[in-house]
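Below is one structure, written out as structure tokens; comments come after it.
In my numbering, the protein residues as written are 167 to 282.
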């Protein structure tokens with residue numbers, strides 16, 4: 167016959183559960199603060215030796231595009247498109263990497279204290 171409550175460990179469990187809930191709430195607050203901070207950051211990447219610069223926000227929105235005049239060649243639009251794409255992808259990669267690092271700092275020890 168199974169014990170009532172479904173939690174192993176007997177009488178000591180409620181205290182441990184309260185601590186776990188407090189830790190989870192603290193982590194959630196930290197994650198929300200980190201998310202807000204990351205959304206406010208900007209990431210700028212360049213391509214073509216700086217001829218094209220793209221800035222993205224932490225919300226994955228392009229906020230600025232800067233083009234040097236010499237890269238705007240009507241006879242070679244394809245090169246300009248490639249440079250814009252390369253700079254935008256690099257800026258987004260930088261943002262994603264920063265976000266992953268920030269979140270892994272918070273969740274790095276997550277598995278250590280959990281009973282499952």
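Beta carbons are placed, not taken as given, at the ideal position from N, Cα and C, and that holds for glycine.
Check: On the three-state DSSP scale, how would you describe residue 271?; Outcome: helix
Check: Find out if the Cβ-Cβ distance for the pair residue 260, residue 209 is shorter than 8 Å.; Outcome: yes
Check: Which residue's Cα is closest to the Cα of residue 249: 217, 191, 221?; Outcome: 217
Check: Taking the C-alpha atoms as reference points, what is the distance between residue 146 and residue 198?; Outcome: The chain is shown from 167 up to 282; residue 146 falls before or after that span and cannot be answered.
Check: Skipping 5 residues on each side, what residues in its chain have a beta carbon closer than 6 Å to that of residue 265?; Outcome: 204
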